[in-house]
Amino acid sequence: MVEAMEDKSSSSGQQAECSKAAGEVRPTVDRRRCEAKATCVSVCPYDVFEVRRIAPQDYAELSLLAKLKVRVHGMKTAYTPRADACHGCGYCVSACPEGAIALRRLVHGAK
Ligand code: SF4
């Protein structure tokens, strides 16, 4: 289970340190906003992201407007295949030009 967590980056562009242990937080991608620019892939020091063709189920869950947006961007979106490696530095949150990434704190022991 996950719960929302605030971005720790400051408005001056300073970044929080990657001081969390891997597995405490994980990034989530809002596919309605993602434009597959792969900035997250470039900035993540732990290789958490990849940009690839959107999965049929994820595409089906989008609104008509969001589907059109994904089509314009080549049917691609960001995924987090190595989310367990996230250290919570927030670089991806700050770098995404679409504001499509949020960090969620993992709640251990929750049902
Ligand atoms: S917060 Fe973002 S950039 Fe930092 S380790 Fe996690 S996924 Fe990578």
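Throughout, the working numbering is defined as the position within the sequence shown, counted from one, plus 1.
C-beta atoms are modelled at their ideal positions from N, C-alpha and C, and glycine is treated no differently.
As the structure is a prediction and not an experimental result, all values here were calculated from the model.
Counterpart residues of residue i in DSSP-defined beta bridges
i, result
"Ala80", "According to the sequence shown, residue 80 is Tyr rather than Ala. DSSP lists Glu51 as partners of Tyr80."
"Val113", "A query on residue 113 cannot be resolved here, the shown segment of the chain reaching from 2 to 112 and no further."
Reduced DSSP category for residue i - H, G, I as helix; E, B as strand; rest coil
i, result
"Arg32", "coil"
"Leu65", "helix"
"Lys70", "helix"
"Pro57", "helix"
"Cys41", "helix"
Run of the beta strand (DSSP E) containing residue i, from where it starts to where it stops
i, result
"Ala1", "In this structure the chain extends from 2 to 112, so residue 1 is not present and cannot be described."
beta-carbon residue i near the ligand ADP non-hydrogen atom, thresh 7 Å
i, result
"Gly91", "Only the ligand SF4 can be found as ligands here, which leaves the ligand ADP out of the picture."
The alpha helix (DSSP H) enclosing residue i, as first and last residue numbers
i, result
"Ala86", "Here Ala86 belongs to no alpha helix (DSSP H), and DSSP marks it neither H nor E."
Sequence-distant residues of its chain with Cβ nearer than 7 Å to residue i (five each side left out)
i, result
"Gln16", "Note on Gln16: pLDDT 45, under 50, position unreliable in the model; the coordinate value appears next. Taken in chain order, the residues that qualify are Ser10, Cys90, Gly91, Tyr92 and Ser95."
"His88", "Cys19, Lys21, Ala23 and Tyr47"
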